[in-house]
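Peer 1: Going by this note's numbering, the sequence shown runs without a break in its numbering and finishes at 1526.
Cβ atoms here follow ideal geometry from the backbone N, Cα and C, with glycine treated the same way.
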Amino acid sequence: MQQVKGVIARAKDAPVELVTINVPDPGPGEAVVTIQACGVCHTDLHYRQGGINDEFPFLLGHEAAGVVESVGEGVTEVAPGDFVVLNWRAVCGQCRACKRGDLQYCFATHNAKQRMTLEDGTELSPALGIGAFIEKTLVAAGQCTKVDPEARPAAAGLLGCGVMAGIGAAINTGALTRGRSAAVIGCGGVGVAAVAGAALAGASPIIAVDIDPAKLEAATKMGATHTVDSSRVDPVEEIKRICAETYEGAEGADVVIEAVGRPETWKQAFYARDLAGTVVLVGVPTPDMTVPDLPLIDVFGRGGALKSSWYGDCLPSRDFPMLIDLYRQGRLDLDAFVTEEIGIEDVEAAFEKMHHGDVLRSVVVL
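(1) Can you check the region 1332–1400 for any beta strand (DSSP E) of at least 3 residues that lies completely inside it and give the ranges in chain order?
(2) Have a look at E1397, G1463, L1219, V1344 and flag the residue whose alpha-carbon is nearest the alpha-carbon of L1288.
(3) Name the residue from A1292, N1182, Q1303, D1394 whose alpha carbon lies nearest to the alpha carbon of I1345.
(4) Based on the DSSP output, what are the partners of T1413 in its beta bridges?
(5) What does the alpha-carbon distance come out to for the pair E1229 and A1257?
(6) Can at least three beta-carbon pairs, one atom from the region 1178–1197 and one from the region 1265–1282, be found at a separation below 8 angstroms?
(7) Please tell me whether V1323 and V1193 are closer than 9 angstroms, where the distance is taken between their beta carbons.
(8) Could you pull out every residue in the same chain whose Cβ sits closer than 7 angstroms to the Cβ of I1212, ignoring the five residues on either side in sequence?
(9) Closer than 7 angstroms by C-beta to Y1487: which residues in its own chain qualify, once you throw out the five before and the five after it? Chain order, please.
(10) Give me the Cβ distance between V1440 and A1329, rounded to the nearest whole Å; I'm assuming they're in contact under 8 angstroms.
(11) Tell me the DSSP secondary structure of K1172 in three-state form.
(12) Return the CA-CA distance between V1238 and E1505, expressed in angstroms with no decimal places.
(13) Across which residues does DSSP place K1467 in a beta bridge pair?
(14) Grouping DSSP H, G and I as helix and E and B as strand, with all else coil, what is T1499?
(15) How far does the beta strand (DSSP E) with E1223 in it extend, from its first residue to its last?
(16) Any idea what DSSP makes of L1178, helix, strand or coil?
(17) Would you kindly work out how many angstroms separate the C-alpha atoms of T1380 and T1387, rounded to a whole number?
(18) Can you find a heavy atom of the ligand MG that lies under 8 angstroms from the Cβ of A1384?
(19) Could you name the residues that DSSP lists as bridge partners for Q1162?
(20) For the beta strand (DSSP E) containing A1300, list its first residue and its last residue.
(21) Can you give me the C-alpha to C-alpha distance between D1372 and C1266, rounded to a whole angstrom?
(22) Mapping DSSP to helix, strand and coil, what is Q1489?
(23) Name the DSSP beta bridge partners of S1285, please?
(24) Excluding five sequence neighbours on each side, which residues of the same chain lie with their C-beta closer than 6 angstroms to the C-beta of L1475?
(25) According to DSSP, simplified to helix, strand and coil, what is I1290?
(26) Is A1329 helix, strand or coil when you go by DSSP?
(27) Roughly how many angstroms lie between the CA atoms of S1391 and C1321, to the nearest whole one?
(28) How should M1514 be labelled, buried or exposed, when 16 other C-beta atoms within 10 angstroms of its C-beta is the threshold for buried?
(29) From Q1274 to G1187, what does the alpha carbon distance come to, in whole angstroms?
(30) Mapping DSSP to helix, strand and coil, what is K1259?
(31) Let's test the definition: count the other Cβ atoms within 10 Å of the Cβ of S1341 and tell me whether it reaches 16, buried, or not, exposed.
(32) Would you report the Cα separation of C1347 and K1467, rounded to the nearest angstrom?
(33) Nearest CA to the CA of I1402: which residue from D1434, I1417, F1430?
(34) Roughly how many angstroms lie between the CA atoms of M1449 and L1492, to the nearest whole one?
What follows is the structure, given as structure tokens:
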């Protein structure tokens, strides 16, 4: 066992604390990873606010990259010294989804069996089964995805959640390709990543929708061909107009990605898509939100698909190395998502900046 420093949320809405944490030696199928960088994701704030569950205290942080320090019995995926991005989809290989070849939908993803604890023995609940605002963390070995060690940790770690969710919503869930149009509603970190994914897929036009000029500018830098300030114009009509200019007869975008997680913007996405178009929900709603009232004839008459995107429907072992290679080639600017690098003691201040929409990502560098 080792003792290291980490950031916890002890109670609902309480300020986070930097405390000493006991990290067990890895057991069978587990690994200890020295964390080099970890992004401050909105999901961590949800944990602190009690919006995920009430299993306090939480060890926060999950968008992380680092180096494997040690592994337990039976681990073959990674070895000490490997540079890895952590993921929360360690596939089981045995459930119905895995057996039919849909590993990205694994119904039984797993985490480390042992628990990290406070000095008094109180067990911690690691965010998304990872817990990476810490000097070293214990995870299931399947949560470690080996990537090119030349990648910058602060950028690479962002694939662990938000950036992968956005890129995957465009490429995996939305199945964007050349000759198809895309619109992204909500241009925070996940939405801007969806824009980047649409650009990688060759979609055109790529329409970014938000009410914040800075976020629309960020989307433009990542590949948006058009921007829409939805505080000034009707975004549904504007998306339709832009798409009709490009493709004669188009009644909206082929794929509309909702990256806010609200009924109002989901309804906009529903009506902003073309006939037989696809809506992809990647924004995370709260438990009290419901699907807005829609005439059933509109659901039937427009055809197409209404999808949810879990983690960008990614398979980390397939997608992380590919995206890191694109980053190393200069074709995917992961560095653009890193607004600031901060110390582990600055997480609470980063939550405040996130709340005000001042950053795409603050990244804790250890």
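Peer 2: On the basis of the data shown:
(1) Listed in chain order, they are 1342–1345, 1366–1370, 1386–1389.
(2) L1219
(3) D1394
(4) Per the sequence presented here, residue 1413 reads as Ala, with Thr not at that position. Looking at the DSSP assignment, A1413 forms a beta bridge with R1433.
(5) 32 angstroms
(6) yes
(7) no
(8) H1206
(9) Answer for Y1487: A1311, A1315, L1494, listed in chain order.
(10) About 5 angstroms separates the two Cβ atoms, so the contact holds.
(11) coil
(12) 30 angstroms
(13) Answer by DSSP bridge pairing, in chain order: V1440.
(14) In the three-state scheme derived from DSSP, where H, G and I count as helix and E and B as strand, T1499 is classed as coil.
(15) Per DSSP, E1223 belongs to the beta strand (DSSP E) from 1223–1231.
(16) Three-state result, L1178: strand.
(17) 7 angstroms
(18) The ligand MG is absent from the structure shown, which contains no ligands of any kind.
(19) Per the DSSP secondary-structure output, Q1162 pairs in a beta bridge with V1183.
(20) 1296–1300
(21) 36 angstroms
(22) coil
(23) F1218
(24) L1263, Q1264
(25) Three-state result, I1290: coil.
(26) Note: A1329 maps to helix in three-state DSSP.
(27) 29 angstroms
(28) buried
(29) 8 angstroms
(30) helix
(31) buried
(32) 19 angstroms
(33) D1434
(34) For the pair M1449 and L1492, the Cα-to-Cα distance works out to about 34 angstroms.
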